[in-house]
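Chains as they are written, first to last, in our numbering: chain B, 118 to 190; chain R, 118 to 190; chain P, 118 to 190; chain Y, 118 to 190; chain U, 118 to 190; chain D, 118 to 190; chain A, 118 to 190. Here's the structure, in structure tokens; my notes come after.
Structure below.
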């Protein structure tokens, strides 16, 4: 069975992922939802920059347009 | 029930949120409305940069295209 | 009744607003019209940068794509 | 009667306008035509930068995507 | 008869034009074709930067998205 | 038979590819899937910058909008 | 017969072309395929920057969005 990229995101649901933005910031949290624009919602999220924790954010909505990559945390 | 990213914004309606823009500015206020482009309207809003209050704005319309993340205030 | 972001712009029609662009310039004037792309026309407008008046412009057409936020003047 | 932003451009047809681009250049000339993408054609146009005349251009086609504002000259 | 912006490009077909890109480069050549995205093909083209000839290119395809203005050479 | 660009990606499926992003980072891994937006999923991936290994990533989702080129590893 | 821009690319098929990207890199190779987004596949390709050979790439997929111009090699 041939997978599509969004299937990989579906399999990551409710798991911890790292979402990286064009501005260099990283958001680590539980992947709760995403859509075809790759808008993403993380739960229990934190923001890191250059590997350092910046803030605890709880639930965060990330606009797809600003995202570069998503990987497992 | 599987949520979509915009559902997270719906649940934040009438609550205080922080909206961050590509230019680094933050807008904190009551989330009054949003649409599929993630255009957002905040009420009783203020602008901050580098953590410092810049201006009191009242009602502010934020173009979705400039938004990076939205989180609870 | 749940409002949409463009409703906030409709209520601002014929009132003085501040439109801010990605290039940092501000345009202050009477909001005469806007469309779904957030193209905006101001009347009796002036341009400011870093809080200083740059020019009187009369009627000005602002392309939505360049706008970051719109607030009450 | 409620105006739309493009109506303001229609009223400026055959009048002298200043079109400003994201790269900071200004084009001053007679507004001959425009479309919904805000592609614009000026006649008898000149290019200015930092207020100084750069070139006489005659007819010039300006891609909408690069335009920030259009005002009366 | 009210013209549209693309009509001005049609009238420039087989004439020498200057196409300027967002990266500051200029391409001068015979306008052979264009489409609604303002993709452009020039023949007998040369590349200039800061007014200086860089290269002779023959036929060149220019992506519309990178074009700022097109004027008569 | 005339090939389309996505056919070249299809033939690279399950092979090692290098995906390069606008921010200069490279991702090397097995091409598992892609879509018409050129969203890409790599398996057994690693991140490199300036030729140096940065991180082991396992499965990674890369947004098409940020990709410049894809070649064989 | 009036040509369209993509016709010029069709005539370049299986010929050596230079594809230039927004990041300043050049890719020289046989044009194997392209689509309406100007996604391009080159065969027997090499990467150059500032006129200097960087890498031999074999088959390379170039995202249209990052391309500025395509000319004969």
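All C-beta atoms in this analysis are idealised placements derived from N, C-alpha and C, irrespective of residue type, glycine included.
Exercise. To which residues of the same chain is residue 140 of chain Y closer than 8 Å at the C-beta, ignoring the five residues directly before and after it?
Worked result: Translated into the one-based positions of the fourth chain, residue 140 of chain Y becomes position 23. The beta carbon of residue 140 of chain Y sits closer than 8 Å to the beta carbons of 183 from its chain, once the five residues preceding and following it are set aside; these are given in chain order.
Problem set entry | Opposing strand residues paired with residue 150 of chain P [DSSP bridges] | On the third chain, residue 150 of chain P is found 33 positions in, with the first residue counted as 1. Beta bridge pairing from DSSP links residue 150 of chain P with P/158.
Problem set entry | Rounded C-alpha distance that separates residue 143 of chain D from residue 172 of chain A | Taking the first residue of the sixth chain as 1, we reach residue 143 of chain D at position 26. Taking the first residue of the seventh chain as 1, we reach residue 172 of chain A at position 55. About 14 Å.
Exercise. Is the CB-CB distance between residue 158 of chain P and residue 125 of chain Y below 8 Å?
Worked result: Taking the third chain and counting its residues from 1, the one referred to as residue 158 of chain P is at position 41. Taking the fourth chain and counting its residues from 1, the one referred to as residue 125 of chain Y is at position 8. By the CB criterion at 8 Å, residue 158 of chain P and residue 125 of chain Y fall inside the cutoff.
Exercise. When the cut-off is 8 Å and only beta carbons count, does residue 176 of chain D lie next to chain A?
Worked result: As a first step, residue 176 of chain D must be located in the sixth chain, where it is residue number 59. No, because no Cβ of chain A sits closer than 8 Å to the Cβ of residue 176 of chain D.
Exercise. If you run the structure through DSSP and keep just helix, strand and coil, what is residue 118 of chain D?
Worked result: Here residue 118 of chain D is taken as the residue at index 1 of the sixth chain, counted from 1. Note that residue 118 of chain D has pLDDT 40, beneath the 50 cutoff, so the model's placement of it is unreliable and no number is given.
Problem set entry | Exposed unless 16 or more other CB atoms sit within 10 angstroms - verdict on residue 187 of chain D | As a first step, residue 187 of chain D must be located in the sixth chain, where it is residue number 70. By the neighbour-count criterion, in which 16 or more other beta carbons inside 10 Å mark a residue as buried, residue 187 of chain D falls on the buried side.
Exercise. So which residues on chain Y does residue 156 of chain P lean against when the C-beta distance must stay under 8 Å?
Worked result: Locating residue 156 of chain P in the third chain gives position 39, counting from the first residue. By Cβ distance, chain Y contributes 122, 123 and 155.
Exercise. Would you say residue 174 of chain P and residue 162 of chain P are within 8 Å of each other, going by their C-beta atoms?
Worked result: Working through the third chain from its first residue, we reach residue 174 of chain P at position 57. Working through the third chain from its first residue, we reach residue 162 of chain P at position 45. It is a contact, given that the beta carbons lie within the stated cut-off.
Problem set entry | Members of the region 138 to 150 of chain P near chain Y, C-beta cut-off 9 Å | Taking 9 Å as the Cβ-Cβ cut-off against chain Y, the residues of the region 138 to 150 of chain P that qualify are 138, 139, 140, 142, 144, 149 and 150.
Exercise. Quick one: Cα of residue 137 of chain B to Cα of residue 148 of chain R, how far?
Worked result: On the first chain, residue 137 of chain B is found 20 positions in, with the first residue counted as 1. On the second chain, residue 148 of chain R is found 31 positions in, with the first residue counted as 1. A straight-line Cα-Cα distance of about 25 Å links residue 137 of chain B and residue 148 of chain R.
Exercise. Can the beta-carbon of residue 121 of chain Y be found closer than 8 Å to that of residue 131 of chain P?
Worked result: Looking up residue 121 of chain Y in the fourth chain gives position 4. Looking up residue 131 of chain P in the third chain gives position 14. It is not a contact, given that the beta carbons lie outside the stated cut-off.
For this session: Indicate whether at least one CB of chain R lies closer than 8 Å to the CB of residue 127 of chain P.
Result: To locate residue 127 of chain P, count along the third chain from 1; it is residue 10. Judged by the 8 Å Cβ criterion, residue 127 of chain P is not in contact with chain R.
Problem set entry | CA nearest to the CA of residue 123 of chain D, picked from A/127, A/128 and A/154 | Against the sixth chain, residue 123 of chain D aligns to sequence position 6. For the options A/127, A/128 and A/154, the alpha carbon positioned closest to that of residue 123 of chain D is the one of A/154.
Exercise. Using the C-alpha atoms, what's the distance from residue 146 of chain P back to residue 165 of chain U?
Worked result: For this step, residue 165 of chain U is matched to residue 48 along the fifth chain. For this step, residue 146 of chain P is matched to residue 29 along the third chain. Counting only the Cα atoms, residue 146 of chain P lies some 41 Å from residue 165 of chain U.
Exercise. Using the C-alpha atoms, what's the distance from residue 128 of chain B back to residue 156 of chain R?
Worked result: Numbered from 1 along the second chain, position 39 holds the residue referred to as residue 156 of chain R. Numbered from 1 along the first chain, position 11 holds the residue referred to as residue 128 of chain B. Distance between residue 156 of chain R and residue 128 of chain B, taken at the CA atoms: about 29 Å.
Problem set entry | residue 185 of chain A: first and last residue of the uninterrupted beta strand (DSSP E) it sits in | Numbered from its first residue, the seventh chain carries residue 185 of chain A at position 68. Start and end: 184 to 189.
For this session: Measure from the C-beta of residue 278 of chain U to each C-beta in chain A and report whether the shortest distance is under 8 Å.
Result: No information on residue 278 of chain U is available, as it lies outside the stretch 118 to 190 that chain U covers here.
For this session: Starting from residue 173 of chain B, follow the beta strand (DSSP E) in both directions and report where the run begins and ends.
Result: For the purposes of this step, residue 173 of chain B is identified with residue 56 of the first chain, where counting begins at 1. Per DSSP, the unbroken beta strand (DSSP E) holding residue 173 of chain B starts and ends at 169 to 179.
For this session: For residue 150 of chain B, collect the residues of the same chain with a Cβ closer than 7 Å to its Cβ; drop the 5 residues on either side in sequence, then sort them by chain order.
Result: Taking the first chain and counting its residues from 1, the one referred to as residue 150 of chain B is at position 33. Correct list, in chain order: 158.
For this session: Identify, in the order they occur along the chain, each residue of the same chain with its Cβ nearer than 7 Å to the Cβ of residue 185 of chain B, setting aside the five sequence neighbours on each side.
Result: Position 68 of the first chain holds residue 185 of chain B. Within the same chain, Cβ atoms closer than 7 Å to the Cβ of residue 185 of chain B are found at 137, 138 and 139, the five residues on either side in sequence being excluded.
Problem set entry | Distance, residue 170 of chain R Cα to residue 168 of chain P Cα | Position 51 of the third chain, counting from 1, holds the residue named residue 168 of chain P. Position 53 of the second chain, counting from 1, holds the residue named residue 170 of chain R. About 16 Å.
Problem set entry | Three-state secondary structure (DSSP) of residue 165 of chain Y | As a position in the fourth chain, residue 165 of chain Y is number 48, starting the count at 1. Residue 165 of chain Y falls in the strand class under three-state DSSP.
Exercise. Roughly how many angstroms lie between the CA atoms of residue 178 of chain R and residue 177 of chain U, to the nearest whole one?
Worked result: On the second chain, position 61 is the one that residue 178 of chain R refers to. On the fifth chain, position 60 is the one that residue 177 of chain U refers to. Here the alpha carbons of residue 177 of chain U and residue 178 of chain R stand approximately 43 Å from one another.
Exercise. Closest Cβ-Cβ distance between residue 190 of chain D and chain A: below 8 Å?
Worked result: What you label residue 190 of chain D is simply residue 73 of the sixth chain in a count that begins at 1. Taking Cβ atoms only, chain A never reaches closer than 8 Å to residue 190 of chain D, which makes this a no.
Exercise. Any beta-carbon of chain B closer than 8 Å to the one on residue 183 of chain D?
Worked result: Looking up residue 183 of chain D in the sixth chain gives position 66. So, interface residue.
Exercise. Is there at least one Cβ from chain Y nearer than 8 Å to residue 131 of chain P's Cβ?
Worked result: Taking the third chain and counting its residues from 1, one reaches residue 131 of chain P at position 14. Cβ-Cβ to chain Y under 8 Å: no for residue 131 of chain P.
Exercise. Which of the three DSSP states, helix, strand or coil, is assigned to residue 130 of chain R?
Worked result: Within the second chain, numbered from 1, the residue matching residue 130 of chain R stands at position 13. DSSP places residue 130 of chain R in the coil class of the three-state scheme, outside both helix and strand.
Exercise. At a CB-CB cut-off below 8 Å, which residues of chain D make contact with residue 161 of chain A?
Worked result: Against the seventh chain, residue 161 of chain A aligns to sequence position 44. Near residue 161 of chain A there are no residues of chain D at all, since even the closest Cβ is about 12 Å away, more than 8 Å.
For this session: Pull up the distance between the alpha-carbon of residue 160 of chain R and that of residue 160 of chain Y, whole angstroms please.
Result: The residue you call residue 160 of chain R lines up with position 43 of the second chain. The residue you call residue 160 of chain Y lines up with position 43 of the fourth chain. Going from the Cα of residue 160 of chain R to the Cα of residue 160 of chain Y covers about 45 Å.
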